[in-house]
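J.: Chains as they are written, first to last, in my numbering: chain A, 1 to 148; chain B, 149 to 296; chain C, 297 to 444. Idealized CB from N, CA, C, for every residue including glycine. Fair warning: this is a prediction, and the values are worked out from it, not measured in the lab. Can you read through this structure? Questions will come right after.
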Amino acid sequence: MPPSAPVIIANMRFHTEYLTISTKRHREYINITPQVEAALAKSGIREGMILVSAMHITAGIYVNDAESGLIQDIDEWLEKLAPFREDYRHHRTGETNGDSHLKSLIVHHETTVPVTNGRLDFGPWQQVYYAEFDGQRAKRVIVKVMGE
Amino acid sequence: MPPSAPVIIANMRFHTEYLTISTKRHREYINITPQVEAALAKSGIREGMILVSAMHITAGIYVNDAESGLIQDIDEWLEKLAPFREDYRHHRTGETNGDSHLKSLIVHHETTVPVTNGRLDFGPWQQVYYAEFDGQRAKRVIVKVMGE
Amino acid sequence: MPPSAPVIIANMRFHTEYLTISTKRHREYINITPQVEAALAKSGIREGMILVSAMHITAGIYVNDAESGLIQDIDEWLEKLAPFREDYRHHRTGETNGDSHLKSLIVHHETTVPVTNGRLDFGPWQQVYYAEFDGQRAKRVIVKVMGE
């Protein structure tokens with residue numbers, strides 16, 4: 001079947017998992033592609049998509065390269081664009097993580113991964129990353145596989 | 149049924165609503181979570197997702213905290229990263245909202261909200277925000293609920 | 297049928313296409329709305345959504361205005377927020393495109409377009425753009441139409 005042929009299906013399935021992610025550092029970048037692939041395998045879904053979404057407002061989900069130098073570049077760059085500061089208004093609530101919210105807004109908190117022939121339909125270098133901007137505690141990511 | 153069990157369903161449903169949002173100020177941040185929840189309730193959908201997408205190129209949709217200090221922080225930060233300037237090339241068309249387009253690109257114009265057991269499957273602090281960057285006129289947001 | 301009526305359907309369809317995009321310049325912004333509309337027409341899908349996602353980590357997909365001045369503004373602004381630099385750590389791998397990855401993170405690499413009544417359910421100015429940040433070679437975009 002060529003990639004451009006429509007696939008008619010009879011039944012939709014939804015399969016939902018929740019990942020728990022605990023980091024040792026305040027900011028950390030974790031490749032969760034294996035967990036997303038495991039959820040897809042468990043679902044048995046061959047065609048559809050996967051919504052991967054952080055359930056927190058100080059964390060992000062992004063798709064990019066699994067290259068350690070680049071990850072350090074991303075971290076430095078985010079600190080430059082959305083630096084830690086004492087004087088965020090948000091800190092009047094007692095929090096100290098104003099910058100974590102802003103970093104999360106830049107990288108976005110979710111991605112939708114296409115699924116074709118039972119596999120993540122990614123290019124060769126695409127990997128799903130969980131970006132922790134206020135860590136050292138357990139946080140959750142929802143992985144919802146939808147398709148046939 | 150545990151969260152990791154696949155749910156097999158027979159019929160997909162789509163339910164589409166359009167929100168109209170009028171702001172008094174040029175920039176404004178509006179929590180539209182109640183409207184998204186109302187659309188979900190009306191749809192009767194229990195499992196699936198909701199696409200919430202601004203239908204304008206000078207507005208955004210983002211998911212973050214309903215905390216007024218943080219919202220002011222976000223607004224100041226966006227003005228710093230994508231400031232109003234007289235000399236955007238876009239202004240040669242007669243527009244004066246070049247910065248509004250750039251602010252919209254940062255926060256993104258859409259989100260996909262997971263739905264499980266008939267509820268927005270959010271973490272405790274996640275709220276859907278409409279971010280107006282060129283307001284004082286009626287604008288639209290599409291809310292499309294998809295699932296079973 | 298009013299826009300807020302639920303649509304019950306029996307069969308989901310998935311239709312997948314891969315666009316190949318070759319640019320002459322290192323950075324380039326290409327309106328791919330016609331190709332997305334062509335994929336929708338070929339699918340025969342009337343209700344649902346379209347996932348449009350770059351399969352590369354140095355390219356983006358965004359939705360905004362087809363106005364050449366604004367596109368130049370976006371390009372200059374991205375270069376300011378995520379500038380080319382010699383000294384990205386990523387360059388120790390032999391690459392020179394650290395800035396391309398960061399630019400891609402800002403604009404995001406994907407969008408989900410709502411489909412209603414067989415058309416892209418966009419506001420009047422919304423267009424889907426492919427943003428190339430490391431071009432002069434063939435790159436791919438997946439377009440997956442899902443619905444009924």
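Skipping 5 residues on each side, what residues in its chain have a beta carbon closer than 7 angstroms to that of residue 230/B?
T.: 247, 250, 251 and 254
J.: Using DSSP with H/G/I as helix, E/B as strand and the rest coil, what is residue 176/B?
T.: Secondary structure of residue 176/B (DSSP, three-state): strand.
J.: Taking only beta-carbon atoms, is residue 87/A less than 9 angstroms away from chain C?
T.: No - not a single Cβ of chain C is within 9 angstroms of the one on residue 87/A.
J.: Tell me the DSSP secondary structure of residue 330/C in three-state form.
T.: helix
J.: With DSSP as the reference, label residue 110/A as helix, strand or coil.
T.: strand
J.: Thinking C-beta only, is residue 59/A closer than 9 angstroms to residue 131/A?
T.: yes
J.: Find the nearest neighbour of residue 198/B within the set 409/C, 375/C, 376/C and 416/C, judged by alpha-carbon distance.
T.: 409/C
J.: Mapping DSSP to helix, strand and coil, what is residue 512/C?
T.: Because residue 512/C is not part of the residues shown, which for chain C are 297 to 444, the question remains open.
J.: Skipping 5 residues on each side, what residues in its chain have a beta carbon closer than 6 angstroms to that of residue 138/A?
T.: 20 and 22
J.: Return the CA-CA distance between residue 368/C and residue 28/A, expressed in angstroms with no decimal places.
T.: 34 angstroms
J.: Ignore the nearest five residues each way along the sequence and tell me which others in residue 416/C's own chain have a CB closer than 6 angstroms to its CB.
T.: 409
J.: Could you check which residue in 343/C, 309/C and 349/C has the C-alpha nearest to that of residue 439/C?
T.: 349/C
J.: From which residue to which residue does the alpha helix (DSSP H) around residue 375/C run?
T.: 364-377
J.: Return the residues of the segment 160-180 of chain B that lie within a Cβ-Cβ distance of less than 7 angstroms from chain C, sorted by chain order.
T.: Answer in chain order: 160, 161, 162, 163, 164, 165 and 166.
J.: Alpha carbon to alpha carbon, what distance is there between residue 124/A and residue 192/B?
T.: 40 angstroms
J.: Helix, strand or coil for residue 123/A per DSSP?
T.: coil
J.: Between which two residues does the beta strand (DSSP E) containing residue 311/C stretch?
T.: 308-318
J.: Starting from residue 146/A and walking both ways along the beta strand (DSSP E), at which residues does that stretch end?
T.: 138-147
J.: To the nearest angstrom, how far is the alpha carbon of residue 15/A from that of residue 47/A?
T.: In this structure, the CA atom of residue 15/A is about 13 angstroms from the CA atom of residue 47/A.
J.: Using the three-state DSSP reduction, which class does residue 98/A fall into: helix, strand or coil?
T.: helix
J.: Please return the same chain residues whose Cβ sits closer than 7 angstroms to the Cβ of residue 205/B, not counting the five positions on each side in sequence.
T.: 249 and 252
J.: Taking 8 angstroms as the limit between beta carbons, can you name the residues of its chain near residue 115/A, skipping five residues before and five after?
T.: 40, 45, 46, 47, 48, 49, 50, 121, 145 and 147
J.: Considering only their Cβ atoms, is the gap separating residue 12/A from residue 274/B smaller than 9 angstroms?
T.: no
J.: Based on the DSSP output, what are the partners of residue 132/A in its beta bridges?
T.: 28/A and 59/A
J.: Using the beta-carbon of each residue, which ones in chain C are nearer than 7 angstroms to residue 108/A?
T.: 404
J.: State buried or exposed for residue 322/C, treating a residue as buried only when at least 16 other CB atoms are found within 10 Å of its CB.
T.: Residue 322/C comes out exposed.
J.: Given that residue 349/C touches chain A, what residues does it touch there, using C-beta distances under 7 angstroms?
T.: Close partners of residue 349/C in chain A (Cβ separation under 7 angstroms): 114.
J.: Do you know how far the Cα of residue 424/C is from the Cα of residue 333/C?
T.: 10 angstroms
J.: At a CB-CB cut-off below 8 angstroms, which residues of chain B make contact with residue 158/A?
T.: What the structure shows of chain A is the stretch from 1 to 148, and residue 158/A is not part of that stretch, so it cannot be assessed.
J.: When DSSP builds the beta bridges, which residues end up paired with residue 264/B?
T.: DSSP, once it has assigned bridges, lists 267/B as partnering residue 264/B.
J.: Whose CA, out of 314/C, 326/C and 413/C, lies closest to the CA of residue 361/C?
T.: 326/C
J.: By how many angstroms is the C-alpha of residue 93/A removed from the C-alpha of residue 391/C?
T.: 44 angstroms
J.: Please name the residues in the segment 277-289 of chain B whose beta-carbon is closer than 7 angstroms to at least one beta-carbon of chain A, in chain order.
T.: Answer in chain order: no residues at all.
J.: Buried or exposed: residue 393/C, going by 16 or more other Cβ atoms within 10 Å of its Cβ?
T.: buried
J.: Quick one, are the C-beta atoms of residue 359/C and residue 258/B less than 9 angstroms apart?
T.: yes
J.: How is the beta strand (DSSP E) around residue 446/C delimited, first residue to last?
T.: Outside the displayed span of chain C (297 to 444) sits residue 446/C, for which this structure offers no information.
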